[in-house]
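Inspection log for the structure reproduced underneath, given as C-alpha cells.
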C-alpha cells in the first residue's frame, strides 16, 4: 500500500509560507496616521516581501506611489508634515500659514483647499505631491538665513500622540512672509499681520534681522514695525543689521520711503504722514 508523503512536492500542493515577523510589530513601529516610504520601513526591518505581504493582508495601505500608512481615518495635513519630519526633512510650517494658525490675523481662510506654506527644503518626496488631500502645499526653498537661530522654531503638539510639529515663530514667519512681498496686495496682507503682532520678542527679532540675508525682507520688517509702533519696537536693537545700499522698487509707481529706500503703497505712506492709524475694517 502506498503511503502519501505530505512533503513530496510532486504529490501535494505547496504550503503557504508567511514572511517572518521583524523584531517589532508593524503596529508598534508605525503609528496610526504616519505616512512613510519603503526605505523607512526597510530600515526598521521590514523587507520588501514583508511590506508586500502587509499590503495584501490589508495591514498597510498605499496612499500614493511608494508611500504607505496603516489603515485608519482620513489624513490631515498635519499627518503629512510630521511624516516628512520623521523621514528627516528639516521642514517647518512658516510664513502666512504659520501666522494664521497661531492667531495672527483677523481673517482665516474658510472652506475650499487649505494652503500650507512649507520652508526649509527645496524638494519634497514625490508622494506628497501625489496625495489626494484637501490641502495645497506651497514650497518655499529660498535660503533667507545664513544660520537660523534655534529659538526661531517652535513646536505644537498634534493628535493623540502629541506629535511635535515644527512651526516658525511669529517673528520668523513675518520675515518669511515679507521676503515674498512684491505688489500692493501683498502689503495689505502683511499689514494685517503686523497689526496683530503686539507681543513679539525684540531680542529674537534682532537676532533674526542680523542672520537674515535678504535686504528687502529686513527693510520691510523695520518699515512695518515703524508703521505700527508696537511697544517692542522701543526695545529692538538693530545694531549689526545689514540693510544694504541703494533703492528697492517693491511697488512699481509707489511712494519712496526715504529712511529705508523702498517703494511702498502711496495710501499707506499718506496714512503715516498724517499720523493716522491703519484702517482694517
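In UniProt numbering, the protein residues as written are 1 to 281.
Glycine residues also receive a C-beta, built at the ideal position from the N, C-alpha and C atoms.
The model shown is predicted, which means the values in this text are computed figures rather than measured ones.
- In this structure residue 93 is in contact with residue 81, their Cβ atoms being roughly 6 angstroms apart against a cut-off of 8 angstroms.
- Taken through DSSP and simplified to helix, strand or coil, residue 174 comes out as helix.
- Residue state for residue 138 is assigned as strand, using DSSP reduced to three classes.
- Distance between residue 61 and residue 72, taken at the CA atoms: about 9 angstroms.
- For residue 117, DSSP records a beta bridge to 138.
- If you look at residue 270, you'll find it in the alpha helix (DSSP H) that goes 266 to 274.
- By a beta-carbon distance limit of 8 angstroms, residue 115 contacts residue 136. Their separation comes to about 5 angstroms.
- Residue 85 and residue 168 have their C-alpha atoms some 14 angstroms from each other.
- Taking C-beta separations shorter than 8 angstroms and ignoring five residues to either side along the sequence, the partners of residue 186 in its chain run 180, following chain order.
- Taking a C-beta distance under 8 angstroms as the contact criterion, residue 221 and residue 209 qualify as a contact pair.
- Of the candidates 190, 203, 27, 190 places its Cα closest to the Cα of residue 173.
- For residue 155, the pairing in a beta bridge is given by DSSP as 166.
- By the neighbour-count criterion, in which a residue is buried when 16 or more other Cβ atoms sit within 10 angstroms of its Cβ, residue 245 is exposed.
- Here residue 182 has 250 as same chain residues with Cβ atoms under 8 angstroms from its own Cβ, once five neighbours each way along the sequence are excluded.
- Under the DSSP assignment, residue 220 falls in the alpha helix (DSSP H) whose first and last residues are 215 to 228.
- Listed in chain order, the non-local C-beta contacts of residue 184 below 6 angstroms within the same chain comprise 251, 265, local neighbours out to five positions each way being set aside.
- A check of alpha carbon separations from residue 170 across 163, 79, 196 identifies 196 as the nearest.
- With contacts defined as CB atoms closer than 8 angstroms, residue 176 and residue 95 qualify as a contacting pair.
- As summarised for the segment 40 to 98, the continuous beta strand (DSSP E) elements at least 3 residues long and confined to that stretch are 61 to 64, 67 to 69, given in chain order.
- Between residue 206 and residue 33, the C-beta spacing is not below 8 angstroms.
- In the three-state scheme derived from DSSP, where H, G and I count as helix and E and B as strand, residue 263 is classed as strand.
- Under the 10 Å beta carbon count, residue 254 is surrounded by 16 or more other beta carbons and is classified as buried.
- In this structure, the CA atom of residue 231 is about 13 angstroms from the CA atom of residue 203.
- Under DSSP, residue 257 forms a beta bridge with 262.
- Taking 8 angstroms as the upper bound for CB-CB distance, residue 219 and residue 260 are in contact here, some 4 angstroms apart.
- It is roughly 4 angstroms from the alpha-carbon of residue 263 to the alpha-carbon of residue 256.
- By the criterion of a C-beta distance shorter than 7 angstroms, residue 54 is surrounded in its chain by 26, 60, once the five residues flanking it on both sides are discounted.
- Around the beta-carbon of residue 239, fewer than 16 other beta-carbon atoms lie within 10 Å, marking it exposed.
- Close CB contacts of residue 57 within its chain, under the 8 angstroms cut and outside five residues either way in sequence, are absent.
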